[in-house]
Each structure stands twice: as structure tokens, then as C-alpha cells.
Amino acid sequence: MANPTVDCRAGGVNPPAMLAGREGRSCPGGKPWKTSCRSSSGAGANVVCGDVDEKGLAQTVATLIDAGGKAVAQPVDVTRRAEVDALVERGVSEFGGVDVMCNVAGIAADGLLLDASDADVDKVFAVNLKGVLYGCQAAVRAMKEQGRGSIINVSSTAIDTPAPKYGLYSMTKAAVAQLTKTLAMEVGRFGIRVNTIAPGMTVSGFTMRHIYEPDGTINQERYDAFVERMRKLSPLGIVGEPVDQAYLILYLASDAARFCTGVIWRANGGQSMR
12 MANPTVDCRA
22 GGVNPPAMLA
32 GREGRSCPGG
42 KPWKTSCRSS
52 SGAGANVVCG
62 DVDEKGLAQT
72 VATLIDAGGK
82 AVAQPVDVTR
92 RAEVDALVER
102 GVSEFGGVDV
112 MCNVAGIAAD
122 GLLLDASDAD
132 VDKVFAVNLK
142 GVLYGCQAAV
152 RAMKEQGRGS
162 IINVSSTAID
172 TPAPKYGLYS
182 MTKAAVAQLT
192 KTLAMEVGRF
202 GIRVNTIAPG
212 MTVSGFTMRH
222 IYEPDGTINQ
232 ERYDAFVERM
242 RKLSPLGIVG
252 EPVDQAYLIL
262 YLASDAARFC
272 TGVIWRANGG
282 QSMR
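If you're matching positions, the sequence shown starts at 12 in my numbering and goes up one per residue.
This is the structure in C-alpha cells:
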């Protein structure tokens, strides 16, 4: 039976049906997370979508279902271990297993490290690091029973290019990279692959949070300047889009990457070479 595909961006790029029958799971992360859900669903995966934003979560799931996919919503705060466990358990109960786990959630706390408060440290580490650890632990428990699985974490190009005022974020993303490599060594014997993607600057709500006006509209001048700065970071002279990360996740989720584990995949347009 043919599997439906979903357009992921202008231009109608449709992923092949390379995840037919797979059970996927995604965490919050704004537009890149939603795009990853669409590409995975379009490739044939059954998707359990998790997010702390219940309204946005419902909209994402509705979009997948309207396009002919199979998806369910599971509200989750990744800083709460029990809720992350429930998310994975939902995949098992709803679809019979979890073949792919995507730990995408991430936040930033802008400011110098010298000024970081205990509250700042606790909040960023809880989401960016503990949330990923909880997701990995829950996924491994489910995948061990199956004898296979692919865990995909999200790090950042910030691990290669330190920047003032992004210290806490960079620290947690570096920890995610090391967590990924260590876990890959520990669970390979169970047939479980663990990889992380390290995106470069990508046009999304996360990176563009500074260009919005108080009323929620975009300041066009700041937006144009921001995009131009991002363009200059890449030797390719292009700007990253959420779909660039989504397709890498799609590859790592599939059997095409069956010999890939413990790798940091830098989908950043060459930004880390600067």
C-alpha cells in the first residue's frame, strides 16, 4: 500500500516512504520539531507528538492527520521524568512499539555566564540536558524489548563556536553531544543506534526571537539584517531552514543509517568551519 507524503516547505519536497510502519516520537522544539513530525509522517511513520504547548501540539497532530498520516498528541514537560516515560509508553500502547525517538526540546537563557543565576542554570539544564537524558532512558527501555531502535538527539553548532551570552545553552548542547556518544557505546549491543544532529543557525522562532516587536509582529529591518548575518556564516551563502534538520532526522531514523551511531551530524552549511 502506498504511503502518503507531505510537503515540508515551499517547492513541494516530498520524502520517500522510507519509514513505512515505523513508530516515531518527537519532543517540543518549535518549527523544526513540527517539520520533523511532518517529514516522518509523510515517510510512513506513525508519530506520537509531544509538546508542553498543548494548543500548538493539537494543531500539529491535526495537520498530520489531515494529510493522511497517523499521529497522536501527548502533552509533555520534558523536565518531568514521569511525563517523558508516559510519552514513550503512549507510543507502545498506541502503535505497538517505539522504533525512533527524537529528543528535540531546547531553550536558551541569554546572558553572560558571570551573571547566570541558579534559576537560569537549573531551568536550562533541566530542559536541554535532563530532558534529553530522560527521553533516552525511556526509549532504551522500550527499544531493548524490540532489539532495535534509533535515538536522535539535538545538539547545536554552538558546541564548536562559542559565543558570548549563549554560554548556558552551549554548555548543555556540548553535554548532549557527549551523552550521545557515551550512550551509543552502552546500548549498541541491543541493536540501538544513538546519534545527534548539531544544527547551525536556522530560520525558526527560536533563533528569531529577538526580531519580534512587543505586539508580536516582525520588525522587517531586523529580520533582513538577521537573515543576512546568517547567510554570511555559511560558505554556501544560504540560510538554514527547519526542513534541513528534518531530513537529516529522517535519514538517521531510517535503515539507510543502519551503520551510523555515536556521530555528531553537523547540518550547518559549513558554519562551524568559520
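Even glycine gets a Cβ: it sits at the ideal position worked out from N, Cα and C.
Computed from a predicted structure; not experimentally measured.
Check, Outcome
"Opening and closing residue of the beta strand (DSSP E) in which Ala84 lies", "Lys81 to Pro86"
"Alpha-carbon to alpha-carbon, Gln85 and Lys66", "11 Å"
"Ala188 vs Ile275 beta-carbon contact at 7 Å", "yes"
"Test item: CB-CB of Leu244 and Met212 under 7 Å", "yes"
"Short Cβ contact (7 Å threshold) for Thr74 with Cys60", "no"
"Other residues of its chain near Asp96: CB distance less than 7 Å, five sequence neighbours each side excluded", "Ala149"
"Closest by C-alpha distance to Asp121, when choosing among Arg220, Lys176, Gln282 and Glu224", "Lys176"
"Beta-carbon contacts of Glu105 that lie in its chain and below 7 Å, excluding the five residues immediately before and after", "Val59 and Val83"
"Touch test, the segment 198–205 against the segment 226–243, Cβ-Cβ under 8 Å, three pairs minimum", "no"
"Same chain, Cβ closer than 8 Å to Gly142, five either side skipped, listed in chain order", "Cys38, Val89, Thr90, Val95, Asn114 and Ala116"
"Residues sharing a beta bridge with Ile203, DSSP", "Gly160"
"C-beta atoms of Asn139 and Thr183 nearer than 7 Å", "yes"
"Inter-residue Cα distance where the pair is Gln157 and Ala264", "15 Å"
"Whether Gly251 touches Gly216 by CB criterion (7 Å)", "no"
"First and last residue of the uninterrupted beta strand (DSSP E) at Met112", "Val111 to Asn114"
"Beta-carbon separation (whole angstroms), Ser161 vs Ala209, contact threshold 8 Å", "No, Ser161 and Ala209 are not in contact; Cβ-Cβ is about 17 Å, not under 8 Å."
"Cα-Cα separation, Leu125 to Ile170", "19 Å"
"Asp129, enclosing beta strand (DSSP E) - first and last residue", "Careful: Asp129 lies outside any beta strand (DSSP E), inside the alpha helix (DSSP H) at Asp129 to Phe136."
"DSSP beta-bridge partners of Cys147", "Paired residues: none, contrary to the question."
"Reference Asp266, options Ile203, Met219 and Asp62, closest by Cα", "Ile203"
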